[in-house]
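Numbering (this note's numbering), first residue to last: 18 to 267.
The C-beta atom is built at its ideal place from N, Cα and C for all residues, glycine as well.
What follows is a short report on a single structure.
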Ligand code: PGA
């Protein structure tokens, strides 16, 4: 019912040569695994190249961020329409590295989400708790708060156009993956929240897990009922590892 999506977040890594080889690995992986979709999120400067190479097939391409503004005097920002003009169709919103290092909070993220939807970019909205928040048993409270914006009248009608990524901050780039049980528990909680927004659509929304996903940890995670794919950082920079994660999803 929900096709698995394996998404690679390249973060601030890559050059044209690496991008070319990774996109080739992705194109081969979607040929090998009919039931899986892939997406890659290169840095802005590589978007035109990667989108052209991907060629509009089952390897989708997205940006790692976007400006909440349409255009104008916002030095350093990149707008949704500029992203779309590269051929990209998706965008990450609220990645924990943006929340942490760029102080992105609910108001700004809500504006970015609105901008993405208005311009027809498919957003992956990222949520997740810190280690301290987990140790204080506040995981559900934190994730619930981060998802609160979806309950607004503004976003409710767009639920089917949004993907969610659950990425516990303590698992990102640390080599510590959440166990399938830990991840599934939060994914089920997230689906419960979506169910309250729109019961029918909640069953269709893809919820990805992210945080040190490797070919080794992928199959256990992807076997969980409410885990519909992965958002992969480090392992997405190696074509064979990323392809192996795609294989685990098929
Ligand atoms: P990681 O990153 O796989 O390197 O932990 C995941 C992410 O930040 O999306």
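Rounded straight-line distance, which links the Cα of residue j to that of residue i
i           : j           : result
residue 22  : residue 78  : 12 angstroms
residue 294 : residue 102 : With the chain covering only 18 through 267, there is no way to say anything about residue 294.
residue 72  : residue 250 : 23 angstroms
residue 150 : residue 239 : 25 angstroms
residue 148 : residue 215 : 30 angstroms
residue 39  : residue 49  : 15 angstroms
residue 184 : residue 33  : 28 angstroms
residue 254 : residue 153 : 34 angstroms
residue 232 : residue 224 : 19 angstroms
residue 52  : residue 43  : 14 angstroms
residue 245 : residue 20  : 7 angstroms
residue 90  : residue 54  : 37 angstroms
residue 241 : residue 228 : 16 angstroms
residue 261 : residue 29  : 23 angstroms
residue 181 : residue 123 : 15 angstroms
residue 64  : residue 212 : 34 angstroms
residue 68  : residue 221 : 26 angstroms
residue 25  : residue 257 : 13 angstroms
residue 35  : residue 100 : 21 angstroms
Proximal residues to residue i (C-beta, below 8 angstroms), its chain only, five neighbours per side dropped
i           : result
residue 17  : Missing from the structure shown is residue 17; the chain here goes from 18 to 267 and no further.
residue 113 : 143, 145, 184, 186 and 189
residue 155 : 146
residue 18  : 220 and 221
Contact set for residue i: own chain, Cβ-Cβ below 7 angstroms, skip 5 residues either direction
i           : result
residue 87  : 96
residue 159 : 146 and 150
residue 243 : 201, 204, 205, 208 and 224
residue 267 : 50, 52 and 53
residue 59  : 27, 31, 36 and 67
Residue i beta carbon near the ligand PGA (any heavy atom closer than 8 angstroms)
i           : result
residue 198 : no
residue 6   : Shown here, the chain extends from 18 to 267; a query on residue 6 therefore has no answer.
residue 228 : yes
residue 30  : no
residue 249 : yes
residue 26  : yes
Exposed unless 16 or more other CB atoms sit within 10 angstroms - verdict on residue i
i           : result
residue 41  : exposed
residue 174 : exposed
residue 118 : exposed
residue 70  : buried
residue 107 : buried
residue 169 : exposed
residue 120 : exposed
Own chain partners of residue i with C-beta closer than 6 angstroms, once the 5 adjacent residues on each side are dropped
i           : result
residue 269 : Outside the displayed range of the chain (18 to 267) lies residue 269, so it cannot be described from this structure.
residue 167 : 214
residue 192 : 229
### Runs of alpha helix (DSSP H) wholly within the region 106–178 (minimum 4 residues, chain order)
Runs of the alpha helix (DSSP H) lying entirely within the region 106–178, each at least 4 residues long, are 113–118, 123–136, 148–152 and 156–164 in chain order.
In the region 231–256, which residue ranges form an unbroken beta strand (DSSP E) of at least 3 residues, counting only runs that do not cross its ends?
Within the region 231–256, the complete beta strand (DSSP E) runs of at least 3 residues are 246–249.
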